[in-house]
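Novice: Numbering (the working numbering), first residue to last: 187 to 402.
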């Protein structure tokens, strides 16, 4: 039976407050990692954010934490070439993965980024969930499907977060959501619920905070 992948509902007030409190405390940049040997010691649970270059990943992390300059947003796709670690309270790491699908980067650089991305996704025991960001204007692309297949093979549960939902009209958004649902039906590691967000409007941010705060 095909999963429907409904849009996540807003959390109840108590759960929403847990999410708010998680991100109300200090959120600090820990380090940028260019090789697996540089990863912080395993300890706090981790959630990671993966997405095509220019999908709005940095803006989403900044919206989650309420700190505009925490993650470096850039108009140049592929500028962030490291795995960037941020604290969220004492028990969580937020992990900003290098953007993928870089159009203008040198081949050798792309291969290095892809290798690091695959190593991290396949081998980090403290990773509790990957959030795969999909642009609401474009839906799932081939390169997104490849990352999802990698997560399937690594048995890492991933959840799709639709970004920039305010940039499309409701009818178009519904069409793209149907395309995403069809794509996700092929991926056994996909969590059966979508999160629809807009960093500019704040849509879905309390929901995403609450989901992160209640992961075990």
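Where is the CB? At the ideal position from N, CA and C, for every residue including glycine.
Quick one: complete alpha helix (DSSP H) runs, 4+ long, within the segment 290-377?
Specialist: With a minimum length of 4 residues, the continuous alpha helix (DSSP H) runs that stay inside the segment 290-377 are 293-309, 328-339, 356-370.
Novice: In terms of residue numbering, what span does the alpha helix (DSSP H) encompassing residue 393 cover?
Specialist: Where residue 393 is concerned, the enclosing alpha helix (DSSP H) stretches over 391-399.
Novice: Indicate the three-state DSSP secondary structure (helix, strand or coil) for residue 254 in the structure shown.
Specialist: In the structure shown, residue 254 sits in coil (DSSP, three-state: anything other than H, G, I, E or B).
Novice: Can the beta-carbon of residue 318 be found closer than 9 Å to that of residue 236?
Specialist: Yes, the pair counts as a contact, with Cβ atoms nearer than the cut-off.
Novice: Pair every Cβ in the segment 191-201 with every Cβ in the segment 293-310, then say whether three or more of these pairs are closer than 8 Å.
Specialist: Because the criterion of three Cβ pairs below 8 Å is not met, the segment 191-201 and the segment 293-310 do not touch.
Novice: For the beta strand (DSSP E) holding residue 280, just list the boundary residues, first then last.
Specialist: Run containing residue 280: 278-282, per the beta strand (DSSP E) assignment.
Novice: To the nearest angstrom, report how far apart residue 328 and residue 377 are at their CA atoms.
Specialist: The straight-line gap from Cα to Cα measures roughly 19 Å.
Novice: Starting from residue 232, follow its DSSP beta bridges and name the residues at the other end.
Specialist: Paired residue(s): 279, 313.
Novice: What separation, rounded to the nearest whole angstrom, lies between the Cα atoms of residue 300 and residue 335?
Specialist: Roughly 14 Å separates the two Cα atoms.
Novice: With three or more C-beta pairs closer than 8 Å as the rule, is the segment 203-220 touching the segment 307-317?
Specialist: The segment 307-317 vs the segment 203-220: no contact.
Novice: Let me make sure I understand the geometry here. Which of 213, 268, 273 has the alpha-carbon closest to that of residue 239?
Specialist: Checked all of 213, 268, 273; the closest Cα to residue 239 is 268.
Novice: So is the beta-carbon of residue 330 under 8 Å away from any non-hydrogen atom of the ligand MG?
Specialist: The model on display carries no ligand, and the ligand MG is accordingly not part of it.
Novice: Does the Cβ of residue 339 have 16 or more other Cβ atoms within 10 Å, making it buried, or fewer, making it exposed?
Specialist: Exposed, since its Cβ has fewer than 16 Cβ neighbours within 10 Å.
Novice: Does residue 187 pass the burial test, meaning 16 or more other C-beta atoms within 10 Å, or should it be called exposed?
Specialist: Here the model assigns residue 187 a pLDDT of 48, short of 50, so the residue's position is not dependable, and the following value carries that caveat. It is exposed - the Cβ of residue 187 has fewer than 16 other Cβ atoms within 10 Å.
Novice: Can you give the Cα-Cα distance for residue 280 and residue 358, rounded to whole angstroms?
Specialist: Taking the straight line joining both Cα atoms gives about 31 Å.
Novice: May I have the straight-line CA-CA distance separating residue 397 from residue 345, to the nearest angstrom?
Specialist: In a straight line, the C-alpha of residue 397 is about 10 Å away from that of residue 345.
Novice: Along the beta strand (DSSP E) that carries residue 274, what are the first and last residues, could you check?
Specialist: Element bounds for residue 274: 269-274.
Novice: Please return the same chain residues whose Cβ sits closer than 7 Å to the Cβ of residue 216, not counting the five positions on each side in sequence.
Specialist: 226, 271, 272, 273, listed in sequence order.
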